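Asker:
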Amino acid sequence: MPCLLAACSKPADAPTGANAKPVAAYAAVARGRIDIEGGLLSLSMPREGTLATVAVHEGDHVKQGQLLAMLDTQPAKLAVDAAQAQLEQAQAQLKLLAIKQAAAEQRAKRLAAAAAAGAGDGQSADDAREAAAQLEAEQQADRAAQDMASQKLDEARYELKQRSLLAPFDAEVVRVLAQPGASVSPSSGALFTLLPQKPRIVRAELNESFVGVIQPGMHAEVTADSGRGNAQWSAHVLRIGNVYGPATLENDPQVRANARTVECVLAFDQPGSDQSHPDQTRDLRIGQRVIVRFGAPSTAAPTASKD
5 MPCLLAACSK
15 PADAPTGANA
25 KPVAAYAAVA
35 RGRIDIEGGL
45 LSLSMPREGT
55 LATVAVHEGD
65 HVKQGQLLAM
75 LDTQPAKLAV
85 DAAQAQLEQA
95 QAQLKLLAIK
105 QAAAEQRAKR
115 LAAAAAAGAG
125 DGQSADDARE
135 AAAQLEAEQQ
145 ADRAAQDMAS
155 QKLDEARYEL
165 KQRSLLAPFD
175 AEVVRVLAQP
185 GASVSPSSGA
195 LFTLLPQKPR
205 IVRAELNESF
215 VGVIQPGMHA
225 EVTADSGRGN
235 AQWSAHVLRI
245 GNVYGPATLE
255 NDPQVRANAR
265 TVECVLAFDQ
275 PGSDQSHPDQ
285 TRDLRIGQRV
295 IVRFGAPSTA
305 APTASKD
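Heads up, the sequence shown is in this note's numbering, so the first residue is 5 and it goes up one at a time.
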C-alpha cells in the first residue's frame, strides 16, 4: 500500500557531523506490476473447422502477418472454384448477348431504312427494333448477374482467408492451446496468447490519500518487489485514473480489504541511443511486482562538526 514517508528531518538519535547519512523522502510509495498497453492478446480461430496446421510454438517470436494456424481449407477452396465458374459463365453469357444485340441493332437499322424507302415492311422494322431492345434489357440483367457473381467470388475468397490465423503484429508467443486435428470454433476460446513487442509500463495502485500529490510527468523510481538485487529503473507518471478500486497488490488481507486506490500508469524513461545504455526493461516480465517511489528523494545536508 502506498505510504507517505517522513519528511527529511533528523531523529533524536541520528548521527551528527560531516559523516551523517542522507535521509531520503518521497512523495509516496506504491505497489505496482509490470504490464504493456492493451495487455496480452488472446486469439481464437475466426471460423469453425478442423485444424490442419499449427505453425508456431510457445516462446517463438513472430512477425506481423506470420501464419499461426490454419484450418482445413478444402471446403473453402471448392466454394472459391464454384464462385469463379459462376462468374465466368456470367461473363460468357454477357459476351454472347452483346454479339446478338449488335446484330439485332444492325438488322433493325437496315429494315427501318428499307421501310423508309418504301422497299420494306414497316412491321418487320418494328419487330426488329423490339428484338434489339429486348436483347439490351437481357444484357442489363446479365450485367447485374455478373456483378453478383463477382461479389460471391470475393466473399468466397474472403472466407478462404478466414481459415488462416495470422499474427496481427510483432509479438512473442506466450501460450499455445492448439494441435492439428482438433475441431475448433470462435466459441472454443483462445488458442494463442501473444505478448506484443511494446514498451513495458507500470500499473501502480496509488492510495486515495495521495491522489492529489502525484501529477502526470512526475519522476519515479521503480524497483523489484522481491527485494533481490539492486536493479532500479527510472520512470515518469503518464496518467492517473479517475476510478477508485480495491487494493489488489497489498499482501496484508486487512489492509487490502479497507484500502481504496486509483490506478497510476507510469512509463519507463528511455535509455540513450548509445550501446553503453541498453534498454534493461525488456528483462521485466509481465505481471512482475514492483515498488514505485514517486518524486525525487531529498538529502539532509551534513552538519559541520564543532571543534
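Even glycine gets a Cβ: it sits at the ideal position worked out from N, Cα and C.
Remember, it's a predicted structure, so these values are computed and weren't measured experimentally.
In chain order, which alpha helix (DSSP H) runs of at least 4 residues are fully inside the region 44-109?
Answerer: Listed in chain order, nothing qualifies, since the region 44-109 has no complete alpha helix (DSSP H) run of 4 or more residues.
Asker: Please classify residue 297: does DSSP put it in a helix, a strand, or coil?
Answerer: Residue 297: strand per DSSP, three-state reduction.
Asker: If you draw a straight line from the alpha carbon of residue 257 to that of residue 295, how long is it in whole angstroms?
Answerer: Straight-line Cα distance between these residues: approximately 18 Å.
Asker: Would you mind working out which of 230, 160, 40 and 90 sits nearest residue 199, comparing C-alpha positions?
Answerer: Out of 230, 160, 40 and 90, 40 has the C-alpha closest to the C-alpha of residue 199.
Asker: Specify, as a first and last residue, the run of the alpha helix (DSSP H) that residue 257 falls within.
Answerer: From DSSP, the alpha helix (DSSP H) with residue 257 extends over 257-262.
Asker: So which of 255, 35 and 51 has the shortest CA-CA distance to residue 226?
Answerer: Ranking the options by Cα distance to residue 226, first place goes to 35.
Asker: Can you name, in chain order, every residue of its own chain whose Cβ lies under 8 Å from the Cβ of residue 16, other than the five neighbours on each side?
Answerer: For residue 16, the predicted structure reports a pLDDT of 36, less than 50, and the residue's modelled location is therefore unreliable. The matter cannot be settled from this model.
Asker: In whole angstroms, what separates the C-alpha of residue 184 from that of residue 259?
Answerer: Taking the straight line from one Cα to the other gives about 48 Å.
Asker: May I have the straight-line CA-CA distance separating residue 293 from residue 228, to the nearest angstrom?
Answerer: Answer to the nearest angstrom: the Cα atoms are 6 Å apart.
Asker: Residue 46 and residue 141: beta carbons closer than 7 Å?
Answerer: The answer is no: Cβ separation not under 7 Å.
Asker: Just to confirm my understanding: we take residue 175, look at its own chain, exclude 5 residues before and 5 after, and list those with CB closer than 8 Å. What are they?
Answerer: Excluding positions up to five away in sequence, the list reads 45, 65, 66, 198, 199, 200 and 201.
Asker: Can you list, in chain order, the residues of its chain whose CB lies under 8 Å from that of residue 146, leaving out five sequence neighbours each side?
Answerer: These residues qualify, in order along the chain: 94, 97, 98 and 101.
Asker: Which residues bound the beta strand (DSSP E) around residue 197?
Answerer: Residues 196-200.
Asker: Take residue 87 as the anchor and find which of 182, 242 and 164 has the nearest alpha-carbon.
Answerer: When only C-alpha atoms are compared, the closest one is 164.
Asker: Can you tell which of 157, 49 and 270 has the C-alpha that lies nearest to the C-alpha of residue 191?
Answerer: Taking only the C-alpha atoms, the option nearest residue 191 is 49.
Asker: Pick helix, strand or coil for residue 164, following the three-state DSSP scheme.
Answerer: Residue 164: helix per DSSP, three-state reduction.
Asker: Could you spell out the range, first to last residue, of the beta strand (DSSP E) harbouring residue 39?
Answerer: 32-40 is the span of the beta strand (DSSP E), which, as asked, contains residue 39.
Asker: Residue 171: which of 56, 92 and 72 sits nearest, CA to CA?
Answerer: With distances taken between Cα atoms, residue 171 lies closest to 72.
Asker: Assuming contact is defined by CB atoms lying nearer than 7 Å, are residue 37 and residue 216 in contact in what I supplied?
Answerer: Cβ distance not < 7 Å, so residue 37 and residue 216 don't count as in contact.
Asker: Which word fits residue 54, buried or exposed, when buried means at least 16 other C-beta atoms lie within 10 angstroms of its C-beta?
Answerer: Exposed, because fewer than 16 other Cβ atoms sit within 10 Å of the Cβ of residue 54.
Asker: Considering only the beta carbon of each residue, do residue 74 and residue 168 sit closer than 7 Å?
Answerer: In contact: residue 74 and residue 168 (Cβ atoms closer than 7 Å).
Asker: Measure the CB-CB distance between residue 299 and residue 56 and report whether it falls below 7 Å.
Answerer: Taking 7 Å as the Cβ cut-off, residue 299 and residue 56 do not qualify as a contacting pair.
Asker: Would you list the residues sitting across from residue 236 in a DSSP beta bridge?
Answerer: BP columns for residue 236 point to 227.
Asker: If you draw a straight line from the C-alpha of residue 241 to the C-alpha of residue 156, how long is it?
Answerer: Going from the Cα of residue 241 to the Cα of residue 156 covers about 52 Å.
Asker: For residue 189 versus residue 52, is the C-beta spacing smaller than 7 Å?
Answerer: Result yes, Cβ atoms of residue 189 and residue 52 sit closer than 7 Å.
Asker: Is the beta carbon of residue 209 closer than 7 Å to that of residue 251?
Answerer: Yes, the Cβ-Cβ distance between residue 251 and residue 209 is below 7 Å.
Asker: When you compare only the Cα positions, how much space is there between residue 273 and residue 151?
Answerer: Rounded to the nearest angstrom, the two C-alpha atoms are 56 Å apart.
Asker: Cα separation between residue 109 and residue 149?
Answerer: Approximately 23 Å, taken between the alpha carbons.
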